[in-house]
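Q:
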Amino acid sequence: MALLGNPNVGKSTLFNSITGLGVSTAHYPGTTREVQFGRSTFGDTEFTLADLPGAYSLYTDTEESWVSRRALLDIRPDAVVVVVDAGNLGRNLRLVLEVLDLGLPCVLAVNLVDEAERAGIGVDTEKLSSRLGVQVVQTVATQGLGIRELVTRALHAIDGGDPPPPRYTPALEAALGPLAVSASAFSALPYGLSPRALALQLISGVEDFSVLFDEGSEAARLTGEAEVLRGDLVIRHDEPVTVWLSRERSTVAEGLAAECVMHAEPRRRVDGWRIATSPLTGVPLLLLVLGCVFAFLFFIGDLLAGGFSALWAGSVSPLIRSAVTAVAGDGSLGRTLLWGLDSGIEASLAIGLPYILTFYVILGVLEDTGYLNALAFLADRAMHRMGLHGHALIPLVAAAGCNVPAILAVRSLPDRRERLIASTLVALVPCSARTAVVLGAVGHYIGMGPALGVLAVVFVLWVLTGLGLNMVLPGKSAGLVMEVFPFRRPSVRGVLRKAWGQFREFLFVATPIVVVGSLILGGLYETGLLTRLSEPLAPVVEGWLGLPAVAGLTLLIGTLRKELALQLLIVMAVAVMGAGATDLTLFMTPTNLFVYALVNTIAVPCVSTIAVLAREHGWWRTSAIVGFTIVVGVAAGSVFAHVLPGLAR
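Numbered continuously in this note's numbering, the sequence shown closes out at residue 650.
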């Protein structure tokens, strides 16, 4: 089976509920960009479910449209569950008609009925089912309502035969008739399409079916007949056939919605969208949201970090030390093992739990409420100054969680220039790992003010980079075209599940790296080799940045994952000062910590981000982006290394 729907109708939430998998969901369009597969069992039936990208139509030039159309044709699912927004039925039904035109067994999930009811909108599902000839089920995906009935109806649709095709105006039906008759003469049609469905595909001109027929064969004359018909339709209607077909479907969809949608008095509620997008109220609201986010991360993260370190030092660390000492003794080998098994694991969890997990929870709330979508409208004018439009702000804000999916989301921007600018800016956005370093190194040991100072410096450099790229690169940004989505109440369960899924990936990927890195670092430290390896870095790290050369080594290791830099620095503190060490200022001055966090935040994206950049832009442009971040990071760090001590006097 396959799940299909317009962007932001709850399709991926349904997929997660049915399969139990953790596909990324958010209250803005474009979250699903590839086909996701999951297996599930319902009663005695086991089935595979495909989550297709959100698309407004199967016949536009967007990547999502192409992927969804090809998946439906190539996979030929036994049934398609089309998810529609109960509050915007007319627009959503056009996609339903396109699926029915392919002759695929179909079930309609009318989702978001709770939001529609608050807006005074109801859907007569029985009438809609009768008019379409398919089963229709009302659902609230975030609450799990209607899902069992939906799966039951979808499984029954597999054996229910092909649904009746939609009926359009006499002009369209008359145009399809002769071509469908010609197609019916062949026993095996491509993709299992019916003669009428193949006729629609051929005259649309979107799918090139000519490659499916041997040149000169009798079947190949279908494409020639379709070409003649398409030319005749263009002359007759004075517009492209795709536009004519789209209007035909839209007319039928709006007619169905007019028949099946019931209106009542909406409940009174605050117009959150207007408040969030008006400059007069939206800018103060944005500042308030940002202040609350960082205050929450600082105070709650600091509290969790201190509590975890105390708990580890009092209960877990003594057990690990006793076990390691009993097995390996208290010599160099034993102390090296403690670097990884005690200090390494503690450092990973002491950064991950308080800061990264907490940040993912906050980001999940901002995504699922739809605030990021409103923020894109609010920032559109400012983004144009950096050669982008407001929609580009969504991957840039999402980059605060992780740069990798943000780089992938940049694909939705219209041209290479905007994608290059946005990708460069994404590489400079402090992800959750880099934010954890700022809060863990500066906020925890120096204070909230200096931590905000690091982020303020990064923001200024980020803005200057955008302005500079817009001036240097030829071209200009396109206008903003984005659908307006109302704010939604986030599901606590959904937010926590998404946050845990993202953090779990960090936990199982980062912790082994930290442990292995700590073992290597410990071995180098215990044998005295660490100082020798740090010496080549001394001219830049000590001379320009004023940092200990060993700190520069941890910055290099941090390119594997940004939080590794601070974690390995903490490993050194714990290994030298003992479990429960709480003050990195014994190793480094406040100025050192500020510069350390600043350079780690700006210079060199992590290897995962570099790999994705290379895949999207090639190694030449990626090298330019990485080199630029190194120059900016080292230059900014050098300036503050020499300026801050003077200001402190």
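Every residue, glycine too, gets a C-beta built ideally from N, C-alpha and C.
In the DSSP assignment, find the unbroken alpha helix (DSSP H) run with Gly6 in it and report its ends.
A: Here residue 6 corresponds to residue number 5 of the sequence shown, with the count starting at 1. Unbroken run through Gly6 is the beta strand (DSSP E), 3-6; no alpha helix (DSSP H).
Q: Would you please state the rounded distance, in angstroms, between the beta carbons of Gly315 and Thr326? I believe it to be under 8 Å.
A: Counting from one through the sequence shown, the residue named residue 315 turns up at place 314. Counting from one through the sequence shown, the residue named residue 326 turns up at place 325. Actually they do not touch by this definition, with Cβ atoms about 18 Å apart.
Q: At what residues does the alpha helix (DSSP H) containing Phe295 begin and finish?
A: Taking the sequence shown and counting its residues from 1, the one referred to as residue 295 is at position 294. Here the alpha helix (DSSP H) through Phe295 covers 280-312.
Q: Using a Cβ-Cβ cut-off of 6 Å (strictly less than) and excluding sequence neighbours within five positions of Glu347, which residues of its own chain qualify?
A: Position 346 of the sequence shown, counting from 1, holds the residue named residue 347. Contacts found: Trp313.
Q: Go to Ile122, then tell me how far its beta strand (DSSP E) extends in each direction, as first and last residue.
A: Here residue 122 refers to the residue found at position 121 of the sequence shown. Taken as a continuous stretch (DSSP letters only), the beta strand (DSSP E) holding Ile122 covers 122-124.
Q: Grab me the residues of Gly524's own chain with a C-beta within less than 7 Å of its C-beta, minus the 5 sequence neighbours each way, in chain order.
A: Here residue 524 refers to the residue found at position 523 when the sequence shown is read from its first residue. The answer, listed in chain order, is Thr337.
Q: To which residues does DSSP link Ala46 through a beta bridge?
A: Taking the first residue of the sequence shown as 1, we reach residue 46 at position 45. It is Thr, not Ala, that sits at residue 46 in the sequence shown. Answer is Phe43.
Q: Are the CB atoms of Ser58 and Arg95 within a distance shorter than 8 Å?
A: As a position in the sequence shown, residue 95 is number 94, starting the count at 1. As a position in the sequence shown, residue 58 is number 57, starting the count at 1. Yes, these two residues count as a Cβ contact at 8 Å.
Q: Does DSSP classify Asn374 as helix, strand or coil?
A: Counting from one through the sequence shown, the residue named residue 374 turns up at place 373. Reduced to three states, the DSSP call for Asn374 is helix.
Q: With a 10 Å radius around its C-beta and 16 neighbouring C-beta atoms as the bar for buried, classify Thr630 as buried or exposed.
A: Working through the sequence shown from its first residue, we reach residue 630 at position 629. Label assigned to Thr630: buried.
Q: Going straight from the alpha carbon of Thr49 to that of Val97, what length do you get?
A: Translated into the one-based positions of the sequence shown, residue 49 becomes position 48. Translated into the one-based positions of the sequence shown, residue 97 becomes position 96. Roughly 21 Å between the two C-alpha positions.
Q: Which same chain residues, not among the five before or five after Glu536, have their C-beta less than 8 Å away from its C-beta?
A: Position 535 of the sequence shown, counted from the start, is the residue given in the question as residue 536. Excluding sequence neighbours, Glu536 sits near Ala550.
Q: From Glu260, His618, Arg616, Gly638, pick the residue whose C-alpha is nearest to that of Val596; which is it?
A: Position 595 of the sequence shown holds residue 596. When each option's Cα is compared against that of Val596, the closest is Gly638.
Q: Taking 8 Å as the threshold (C-beta atoms), are Leu426 and Gly467 in contact?
A: Within the sequence shown, the letter at position 466 stands for residue 467. Within the sequence shown, the letter at position 425 stands for residue 426. Yes. Within cutoff.
Q: Can the beta-carbon of Thr15 be found less than 8 Å from the beta-carbon of Val83?
A: As a first step, residue 15 is located in the sequence shown; it is residue number 14 there, counting from the start. As a first step, residue 83 is located in the sequence shown; it is residue number 82 there, counting from the start. Note that residue 15 is Leu in the sequence shown here, rather than Thr. Contact flag unset, no.
Q: Please identify the residue among Gly634, Arg418, Ile76, Phe360 whose C-alpha is closest to the C-alpha of Val459.
A: Taking the first residue of the sequence shown as 1, we reach residue 459 at position 458. The option with the nearest alpha carbon to Val459 is Gly634.
Q: Inspect the beta-carbon positions of Ile19 and Ile204 and report whether they are closer than 8 Å.
A: Translated into positions along the sequence shown, residue 19 becomes position 18. Translated into positions along the sequence shown, residue 204 becomes position 203. Contact: no.
Q: Can you tell me whether DSSP reads His390 as helix, strand or coil?
A: Your numbering for residue 390 matches position 389 in the sequence shown. Reduced to three states, the DSSP call for His390 is coil.
Q: Write down the C-beta distance between Gly88 and Glu127 rounded to the nearest angstrom, noting that I regard them as a contact closer than 8 Å.
A: The count along the sequence shown starts at 1 and reaches residue 88 at position 87. The count along the sequence shown starts at 1 and reaches residue 127 at position 126. Actually they do not touch by this definition, with Cβ atoms about 19 Å apart.
Q: Across which residues does DSSP place Asp52 in a beta bridge pair?
A: Indexing the sequence shown from 1 puts residue 52 at position 51. Answer is Leu4, Gln37, bridged to Asp52.
Q: Mind checking which residues open and close the alpha helix (DSSP H) that includes Gln202?
A: For the purposes of this step, residue 202 is taken as residue 201 along the sequence shown, with counting starting at 1. 196-205 is the span of the alpha helix (DSSP H), which, as asked, contains Gln202.
Q: Could you give the distance in angstroms between the alpha-carbon of Ser25 and the alpha-carbon of Gly178?
A: Taking the first residue of the sequence shown as position 1, residue 25 is located at position 24. Taking the first residue of the sequence shown as position 1, residue 178 is located at position 177. Low confidence applies here, because Ser25 scores a pLDDT of 49, under 50, leaving its location unreliable and the question unanswered by this model.
Q: If you draw a straight line from the alpha carbon of Arg197 to that of Gly104, how long is it in whole angstroms?
A: On the sequence shown, position 196 is the one that residue 197 refers to. On the sequence shown, position 103 is the one that residue 104 refers to. Their backbone Cα atoms lie some 9 Å apart in a straight line.
Q: If you count every other CB in all the chains shown that lies within 10 Å of the CB of Glu240, and 16 or more means buried, which is it?
A: Within the sequence shown, numbered from 1, the residue matching residue 240 stands at position 239. By the neighbour-count rule (16 or more Cβ atoms within 10 Å), Glu240 is not buried but exposed.
Q: My guess is that Ala452 and Gly444 are in contact by the Cβ rule of under 8 Å, so how many angstroms apart are they, rounded?
A: As a working mapping, residue 452 is identified with position 451 in the sequence shown. As a working mapping, residue 444 is identified with position 443 in the sequence shown. Sure, about 4 Å apart at Cβ, within 8 Å.
Q: What is the C-beta distance between Val455 and Lys563, in whole angstroms, given that I count them as a contact (C-beta under 8 Å)?
A: Here residue 455 refers to the residue found at position 454 when the sequence shown is read from its first residue. Here residue 563 refers to the residue found at position 562 when the sequence shown is read from its first residue. The pair is not a contact, with the Cβ atoms about 14 Å apart (cut-off 8 Å).
Q: Which residue's Cα is closest to the Cα of Ser310: Ile276, Leu298, Leu354, Val294?
A: Your numbering for residue 310 matches position 309 in the sequence shown. Per the Cα distances, Leu354.
Q: Taking the beta carbon of Pro167 as the centre, do at least 16 other beta carbons fall within 10 Å, making it buried, or is it exposed?
A: To locate residue 167, count along the sequence shown from 1; it is residue 166. Buried, by the Cβ-count rule.
Q: Given this structure, state the Cα-to-Cα distance separating Leu530 from Ile321, to the nearest angstrom.
A: As a working note, residue 530 is residue 529 in the sequence shown. As a working note, residue 321 is residue 320 in the sequence shown. Roughly 26 Å separates the two Cα atoms.
Q: Can the beta-carbon of Leu156 be found closer than 8 Å to that of Thr46?
A: The count along the sequence shown starts at 1 and reaches residue 156 at position 155. The count along the sequence shown starts at 1 and reaches residue 46 at position 45. Yes, they are a contact pair.
Q: Can you confirm whether the segment 106-116 touches the segment 227-235 when touching is taken to mean that 3 or more C-beta pairs between the two stretches lie within less than 8 Å?
A: As far as the Cβ criterion goes, the segment 227-235 does not touch the segment 106-116, which means the pair count is below three.
Q: Of all the options Thr61, Ala3, Val10, Arg71, which has the alpha carbon lying nearest to the alpha carbon of Ser41?
A: Taking the first residue of the sequence shown as position 1, residue 41 is located at position 40. With distances taken between Cα atoms, Ser41 lies closest to Ala3.
Q: When you compare only the Cα positions, how much space is there between Ala329 and Arg505?
A: Numbered from its first residue, the sequence shown carries residue 329 at position 328. Numbered from its first residue, the sequence shown carries residue 505 at position 504. Rounded to whole angstroms, Ala329 to Arg505 spans 31 Å at the Cα level.
Q: Tell me whether Met387 is buried or exposed, calling it buried when 16 or more other Cβ atoms sit within 10 Å of its Cβ.
A: Taking the sequence shown and counting its residues from 1, the one referred to as residue 387 is at position 386. Label assigned to Met387: buried.
Q: For Leu281, does the count of other Cβ atoms within 10 angstroms reach 16, so buried, or fall short, so exposed?
A: As a first step, residue 281 must be located in the sequence shown, where it is residue number 280. The residue is exposed, with fewer than 16 neighbouring Cβ atoms inside 10 Å.
Q: Can you tell me whether Cys261 is helix, strand or coil according to DSSP?
A: Translated into the one-based positions of the sequence shown, residue 261 becomes position 260. If DSSP states are grouped into helix, strand and coil, Cys261 belongs with the helices.
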